[in-house]
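Residue numbers (my numbering): 227 to 378. Positions of the beta carbon are idealized from the N, C-alpha and C atoms, including for glycine. In this text the structure is predicted, and so the values were computed from the model without any measurement. Written out below as structure tokens is the structure these notes cover.
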């Protein structure tokens, strides 16, 4: 669950207090679970999830917009609060950001969107003599995730 809203100063009145709202929602969820004496299971946790515990954002006027969080720039929440990229993603790293040590491939200057001078090519070849990250492949020694990061 991801909630995003306009910044709120410590002593500000009005607007949406996401910290308080998140705590209230979490308490409601935990109270629901505590009241159910059946054996703990994923199904029990899902069953007691409050309806308000869903991806959402709030516009500057305080209107709640419920929509699935995404990184693709679509939707009202992404229009209000754009997701910005970072160098690893621009270089082709997966959004999961789960590659600790990348497999290498030879430097291929044709694969870049800029034109390199001969001096730049020589420097890059010297700096990356073993190769550059091949972010189309899993990391060195990386295996599948075993049951973590569950969705409810």
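Original post:
If you draw a straight line from the C-alpha of residue 274 to the C-alpha of residue 259, how long is it?
Top reply: 6 Å
Subject >> Where the beta strand (DSSP E) through residue 290 begins and ends >> reply: 290-292
Subject >> Cβ neighbours of residue 306 in the same chain (closer than 7 Å, five flanking residues each side left out) >> reply: 283 and 285
**OP:** Can you have a look at residue 242 and say buried or exposed, based on whether 16 or more other CB atoms are within 10 angstroms of its CB?
**Re:** buried
Subject >> residue 355 versus 234, 331, 298 and 318, residue with shortest Cα-Cα distance >> reply: 331
Original post:
What are the start and end residues of the beta strand (DSSP E) that includes residue 283?
Top reply: 282-284
Original post:
Tell me which same chain residues have a C-beta within less than 8 Å of the C-beta of residue 321, skipping the five on either side of it?
Top reply: 297 and 315.
Original post:
The alpha helix (DSSP H) spanning residue 316 covers which residue range?
Top reply: 313-316
Original post:
Does DSSP put residue 271 in a helix, a strand or coil?
Top reply: helix
**OP:** Kindly list the residues whose CB is nearer than 6 Å to the CB of residue 302, restricted to its own chain and excluding five residues on each side of it in sequence; keep chain order.
**Re:** 291
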